[in-house]
Amino acid sequence: MDLLEQEWIDEVWDNRYTDAELPDVDLLESCEGNSSALMDALSSACEYCQKWSCFSDTEDEEGDENTDDKLWQTLMDNGVHYKSLLALVYLGICQGNASGATIEKKNIGLRFAKLYFNLVLVPGSSAYRIFQESLFQAAVQCFRLPNDSGSRPRLDAARVQAALVHRGDRILIERLSDLLALDIPGANVSFSINLENRNCHYRQLPTYAFCALKLLCLPQHGEPADSFRDITKCLMSHILMLAAGDAQSVSRPFLNVRDNAISFLCHVMETCDDEVRDSFEDVIIILIHNVSFKAVDRTDFRLKTTQAVHTLMAVLNEERFQRVVEWFIKLTMVPLGKRRVFALDMILVLIWDKRVSTAKCSDLLLAAMKRCNDKAATVKTKALSVLASVTSHPPEHWLPLLRVSNPVEPADEGDGAQVAVEDDRLAQLMVMLKYRAEDPKVNVRKAALSVLQNVLCASGDFVTQEHVEILKESCRDLALLVRKQALQALTRCLQAHPQEALLLRLWLTGALPLVLDAEDSVMEKAVEAVDMLILEPLCRPRQGADAALGWRLLAQASGDSRPAAFFNAHRLRSSASEFGQALILP
């Protein structure tokens, strides 16, 4: 109050707060320039007025007739005259309404306006003429929308109304999407309602919510593409299953919510008019990009998310579908590792899609091959697992994708080194596997051996000393997982090519000694391999073609003076089966 001169206070009171020249006073001086302190003080004053009003109402009910002027009398007893208080409020409001006022002064003006409204409501204010029409109008002016000073025309009423309606639609979409996060047991979700048979059962809640969202895509509610974009934005958290939190796997309720959201989007795409389909497909592409960027970096979540993305891609036309496929190839080269991993998961899904051409499948497989030389071990492991999954299919499905003559110029890949691609990608694949089998990371070596096993089983052309030696040397790896994988790979390759003397010899020198391995789990796997290749075929009443392999292994082992391993395998198996009685070794 000391900031204002008494002469000016009396002047604005006499002029009823109109046409008064404002003094050059900075209200922040009372708070040492701290606007937050001034705002807090004004808020406290508002709360005090509200509490006093409630207190006065209580006193009135109890029959006290002298409470109306208690606040004003108390203020004056403490040196705060009501005229000085109104003058201070008037100054704060006028500074907030002034042209060119800063945001800080506008906020202070709003708080003074709030204080004035509370003062008017305090009992007894009429006796002290607290309500002044000009001051009240100035306080109301604090709440008007800001207007640029002539730089742009003022929005007409129709545009303002449209903006308010659109905002209301967005809020409605958010609330309806929140309802869809509930997995109601026994709910039969549908995207259309028969008005004659509708009911108010709580199990119908998801159906009504979906139908309301579908209706919001109609032109009556604004631009359909904008409404559809708002809907996909709100449903994205359901597609990503973010409500599952930190769980390692996705439980059924969250899967149901995700499936319902995906089914709804596909239903809208199938039933929309041709006039809006193109714009809706563009929205779906934006959704696919955002889901891919924000996918949860956990195995089960990625698997479920790739399934959802693949389902959304099915509603796109051919041109947009191919564009998204190309986008995922580019996604394998972005700097962020988890996005490269997600792109590799998508490659594994897309490579078997019938809409993807053979040439594009070859490009997808090449993108996975490039990531096998990534600097991140998780990306290398994922890329090798993609190749292992692809090569586990019949050779006629994937060998043509690698046997191409299409030189590829080196390109910038971001964080990974590029595989050199010349005339034959299959040959380059074998070179890459040789290096990855010696990788410092255990999981990378194990995944590389899995791919090598599939390639050697598929084509005898690659059963060479160099390639099989990789499996043999891996049987001596320090890592338990690698030794197990090498044992399995050698055994599967020998079963696929039983006539290959090279495989037979290297199996005896690499896999057979593992029956004497210090690790029980490795030893058991080796004994099972001996049982499958030798003991079991020789103990059958009618020996078939696989028995010939067993006799050849026995003959080769005898020539190499390796009876100890066979005796150890036979001893371990005889304790658990009848093979000890069915076969007597010399």
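Numbers -2 to 583, taken from our numbering, label the letters of the sequence shown in order. Ideal Cβ positions, reconstructed from N, Cα and C, are used throughout, including at glycine. Since the model is a prediction, treat every value here as computed from it, not as a measurement.
Of the residues the options, the one placed nearest residue i, counting alpha carbons only
i	options	result
residue 515	536, 527, 491, 475	475
residue 171	207, 320, 390	207
residue 226	256, 254, 273	273
residue 280	365, 163, 317, 301	317
residue 455	477, 391, 185, 432	391
residue 24	32, 425, 379	32
residue 438	461, 373, 385, 12	373
residue 216	270, 460, 375	270
residue 242	230, 282, 294	294
residue 545	498, 247, 239, 10	498
residue 341	308, 350, 299, 356	299
residue 182	250, 461, 315, 119	250
residue 332	395, 290, 322	290
residue 13	83, 45, 284, 49	83
residue 586	247, 350, 292, 228	Not covered by the structure: residue 586. The range shown for the chain is -2 to 583.
residue 46	187, 113, 423	113
residue 365	387, 320, 354	387
residue 200	211, 42, 180	180
residue 352	310, 375, 367, 378	310
residue 458	440, 379, 423	423
residue 461	131, 393, 536, 427	427
residue 604	479, 244, 159	Any answer about residue 604 is impossible in this case: the structure gives the chain only from -2 up to 583.
residue 666	118, 76, 134	Residue 666 lies beyond the stretch modelled for the chain, which goes from -2 to 583, so this question has no answer here.
residue 102	22, 350, 118	22
residue 140	105, 395, 330	105
residue 301	355, 230, 343	343
residue 168	185, 524, 210	210
residue 187	240, 265, 230	265
residue 389	337, 276, 453	453
Residues of its chain near residue i, where Cβ-Cβ distance is below 6 angstroms and the 5 sequence neighbours each way are ignored
i	result
residue 109	86, 89, 90
residue 28	34, 35
residue 362	398
residue 450	486, 489
residue 578	Here residue 578 scores only 45 on pLDDT, less than 50, and its place in the model should not be relied on; the value that follows carries that caveat. Contacts found: none.
residue 189	none
residue 163	219
residue 42	112
residue 175	none
residue 308	259
residue 15	131
Contact set for residue i: own chain, Cβ-Cβ below 8 angstroms, skip 5 residues either direction
i	result
residue 177	203, 206, 207, 232, 235, 254, 257, 258
residue 550	501, 504, 505, 530, 531
residue 305	236, 255, 259, 288
residue 73	79
residue 2	20
residue 282	313, 317, 320, 321
residue 429	366, 369, 370, 416
residue 385	444, 447, 448, 451
residue 98	92, 106
Beta-carbon proximity check, residue i vs residue j, cutoff 8 angstroms
i	j	result
residue 483	residue 446	yes
residue 400	residue 371	no
residue 369	residue 433	yes
residue 511	residue 519	yes
residue 17	residue 4	no
residue 313	residue 278	yes
residue 213	residue 166	yes
residue 467	residue 443	no
residue 345	residue 383	yes
residue 377	residue 479	no
residue 469	residue 522	no
residue 339	residue 380	no
residue 119	residue 40	no
Contacting residues, own chain, Cβ-Cβ under 7 angstroms from residue i (five flanking each side not counted)
i	result
residue 358	348, 398
residue 360	326
residue 122	116, 128
residue 335	294
residue 6	80, 81, 84
residue 125	69, 79
residue 136	90, 110, 113, 114
Residue-chain proximity (residue i, chain C), Cβ-Cβ < 8 angstroms
i	result
residue 470	Any reference to chain C falls outside this structure, which holds one protein chain only.
Residue i Cβ short of 7 angstroms to the ligand FAD heavy atom set
i	result
residue 177	Although the ligand FAD was asked about, the structure shown includes no ligands whatsoever.
Which whole runs of the alpha helix (DSSP H) in the stretch 479 to 511 are 4 residues long or more, in chain order? 498 to 507
Any beta strand (DSSP E) of 3 or more consecutive residues that is wholly inside the stretch 165 to 242: none
Tell me the start and end of each unbroken alpha helix (DSSP H) in the stretch 87 to 143 that is at least 4 residues and wholly inside, in chain order. 100 to 118, 130 to 138
I'd like the ranges of any alpha helix (DSSP H) spanning at least 4 consecutive residues and lying wholly in the stretch 518 to 554. none
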